[in-house]
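Participant:
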Ligand code: GAR
């Protein structure tokens, strides 16, 4: 019998720490989750998250040739019959060509309340602008950076005492909570 009947074959792309990857792996092991993580790809061979994935017996690819990263990744995605890519702290911008060629959904988690603060240094910008709220968003990846349809987002209050580090910590906590929910919501509504 198939071990994960009906679950979508998922690839997670990371670049570093991998705390969101960890939350996705934990989620994928639950009976009622809709994903099975088949492989983890990193553009950084030293990404901490690769170790956790490997310990969880997931295939890892952290040494993909830089100059051919996208084509080699596409071959792996085909080999593992991947239906869904989740970017989780993946700091490389995927080309329009890659998105077109993969042709299945790609989701991303971004540490801001999109459409606010696309790109980098989101927490610093929210604090400098004296925003009352920060947050995280899960959205579909399109050719335009951080601009695809938002699937789920959640807010946190920015306190006067917050700094970039404390805000990052608070937002990361909600990231771990909402990325699994957003994936299941997205897949349920496909
Ligand atoms: C997370 O905060 C994620 O939202 C952010 O990088 C961090 C990765 O942490 N992603 C982006 O900024 C994408 N533009 P993690 O490696 O511990 O999951």
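Numbering (our numbering), first residue to last: 37 to 226.
We put the beta carbon where it would ideally sit given N, CA and C, even for glycine.
A quick note: this is a predicted structure, and the numbers were derived from the prediction, not measured.
(1) Check whether the Cβ of residue 126 lies closer than 8 Å to any heavy atom of the ligand GAR, and answer yes or no.
(2) Would you tell me roughly how many angstroms separate the C-alpha atoms of residue 56 and residue 212, rounded to the nearest one?
(3) What are the partner residues of residue 175, as DSSP defines its beta bridges?
(4) May I ask which residues mark the beginning and end of the beta strand (DSSP E) holding residue 86?
(5) Starting from the Cα of residue 78, find the closest Cα among 205, 71, 89 and 70 and give me that residue.
(6) Taking DSSP as the reference, what is the three-state secondary structure of residue 37?
(7) Tell me the rounded alpha-carbon separation between residue 219 and residue 103.
Facilitator: Concretely, from the data shown:
(1) Mapped onto the chain shown, residue 126 falls at position 90. Checking the Cβ of residue 126 against the ligand GAR gives yes.
(2) Here residue 56 corresponds to residue number 20 of the chain shown, with the count starting at 1. Here residue 212 corresponds to residue number 176 of the chain shown, with the count starting at 1. Those two C-alpha atoms are separated by around 6 Å.
(3) In the chain shown, the residue the question calls residue 175 occupies position 139. Note: residue 175 sits in a beta bridge opposite 144 and 186.
(4) Along the chain shown, one-based indexing puts residue 86 at 50. Here residue 86 belongs to no beta strand (DSSP E); instead the alpha helix (DSSP H) covers 85-91.
(5) Working through the chain shown from its first residue, we reach residue 78 at position 42. Nearest C-alpha to residue 78: 89.
(6) As a first step, residue 37 is located in the chain shown; it is residue number 1 there, counting from the start. Only weak support exists for where residue 37 lies, its pLDDT of 46 falling under 50; the value from the coordinates is given anyway. Residue 37: coil per DSSP, three-state reduction.
(7) On the chain shown, position 183 is the one that residue 219 refers to. On the chain shown, position 67 is the one that residue 103 refers to. Near 30 Å, if we compare the C-alpha coordinates of residue 103 and residue 219.
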